[in-house]
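Per this note's numbering, the sequence shown starts with residue 1, numbered consecutively. For reference, the structure is listed below as structure tokens.
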Amino acid sequence: MKASTFRHLLNFWPPFLFTGIHVTTMSDDYRRARVELRMRPWNRNYVGSHFGGSLFAMTDPFWMLLAMKSIGRDYIVWDKAGTIEFVKPGRGTVHAEFVLEDAVLEELRQATADGDKALRWFGTDVRDADGEVVARIRKQLYVRRKRGR
1 MKASTFRHLL NFWPPFLFTG IHVTTMSDDY RRARVELRMR PWNRNYVGSH FGGSLFAMTD
61 PFWMLLAMKS IGRDYIVWDK AGTIEFVKPG RGTVHAEFVL EDAVLEELRQ ATADGDKALR
121 WFGTDVRDAD GEVVARIRKQ LYVRRKRGR
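This is the structure we're talking about:
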């Protein structure tokens, strides 16, 4: 599937559509993505900043999706763990960027070449319009070659 089509489908996925999450960029090679979270009355918390669950949700699937689309069909890729650190209140439109480097894909291929699993952490900062960090997200991926390949 073309990355542009995939991006549009993600934007109509109900957990994104109804929370103000918008995928603004998905590179043709699935190595880069940019996501925004727009402030809406239904994603504000009691003190008027972004709801923490929405901040995490805007980043949740992207490392897994980029890795799945980039590493090839011979691999299983799953989210294993995730953490979020709230740095400052997020207001207005916030964004996160994901860049999956060739070296990381090669590292995962080498680590799983003999059939072992690989667990690798990826970090992403959620930033406000001024570029200041609102939250730090870490996601751990599980990667393994499919058996019999």
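Ideal Cβ placement from N, Cα and C applies to all residues, glycine included.
By the neighbour-count criterion, in which 16 or more other beta carbons inside 10 Å mark a residue as buried, F122 falls on the buried side. Pairing I84 with F51, the inter-Cα distance amounts to about 12 angstroms. As a beta-bridge residue in DSSP terms, F122 pairs with K139. Looking at the backbone, the Cα of S49 and that of M58 are separated by about 15 angstroms. D128 and R147 have their C-alpha atoms spaced approximately 43 angstroms apart.
Going by beta carbons, V134 and V87 fall inside the 8 angstroms limit. Annotated three-state conformation of V23 is strand, per DSSP.
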